[in-house]
Amino acid sequence: TPDQVQDLSEAVLAAQTYLGQWLTLPDSAVRELEDLDNSPNGFSWGNTTWRGLRALAAYAQDRSDGWNAGGFWEWCASGPLLGWPATSKKLSMTESDTVQRTPKLARTRVFEVDQRVDKSGKVTMLAHLKIAEGGGPLAPRVYFYDDTGGATGVVHVGLVGPHYLVPNMSTN
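In the numbering used here, the protein residues as written are 1 to 172.
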């Protein structure tokens with residue numbers, strides 16, 4: 001497993017190659033990375049994304065090993081070696097009521113999952129890693145669904161891409 005990647009595309013490829021036992025990241029989740037990869041922040045964003053994907057996989061592994069003191073936020077807050085910052089600037093486990101109640105915004109958060117999670121093969125994903133603060137509409141986001149206690153026992157990534165693909169009231 002690499003410690004470092006060159007950009008977001010390589011972070012995704014590394015996750016698909018090395019983390020598949022604990023993390024599902026279908027090709028459909030990978031969206032519009034070219035501008036992110038070619039950004040002056042591409043290297044930093046790629047490595048932050050890689051760190052986040054590794055955290056999600058480590059969480060799923062710990063859950064399968066018996067950790068059950070909450071969800072991903074609580075796991076991160078407990079200080080694991082591969083954890084992600086449990087702060088509102090880096091992690092959101094939900095979206096605002098406005099985003100959830102506005103059909104135009106809510107439908108941008110419906111992503112592919114294993115049909116064992118939902119027969120339709122899609123679920124609404126509200127939890128997300130905030131790869132960058134600022135950065136405007138290009139700031140990378142990683143949306144995920146925690147099925148570690150469910151049928152698949154893994155975390156499903158629904159989106160790795162720029163924030164403008166999942167607008168909110170301030171970016172709408």
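Glycine included, every Cβ here is placed at the ideal spot set by N, Cα and C.
Count the other CB atoms within 10 Å of the CB of residue i; is the residue buried (16 or more) or exposed (fewer)?
| i | result |
| --- | --- |
| Thr87 | exposed |
| Gly79 | exposed |
| Thr17 | exposed |
| Thr24 | buried |
| Gly20 | exposed |
Please state the DSSP three-state secondary structure of residue i.
| i | result |
| --- | --- |
| Lys174 | The structure shown does not extend to residue 174, since the chain is modelled only from 1 to 172, so the question has no answer here. |
| Arg31 | coil |
| Arg51 | helix |
| Leu25 | coil |
List the DSSP bridge partners of residue i.
| i | result |
| --- | --- |
| Lys90 | Answer by DSSP bridge pairing: none, since Lys90 is not bridged. |
| Lys175 | The requested residue 175 is not part of the displayed model; the chain covers only 1 to 172. |
| Lys161 | First, the residue type needs correcting, since residue 161 is Gly and not Lys in the sequence shown. Note: Gly161 sits in a beta bridge opposite Arg141. |
Determine, using beta carbons only, whether residue i and residue j come nearer to each other than 7 Å.
| i | j | result |
| --- | --- | --- |
| Tyr145 | His156 | yes |
| Leu165 | Arg31 | yes |
Using CA atoms only, rank isn't needed, just tell me which of the options is closest to residue i.
| i | options | result |
| --- | --- | --- |
| Cys76 | Ala55, Pro103, Phe111 | Ala55 |
| Tyr143 | Val154, Ile131, Leu159 | Leu159 |
| Pro167 | Thr108, Met93, Arg51 | Thr108 |
| Gly153 | Ala60, Leu8, Leu138 | Ala60 |
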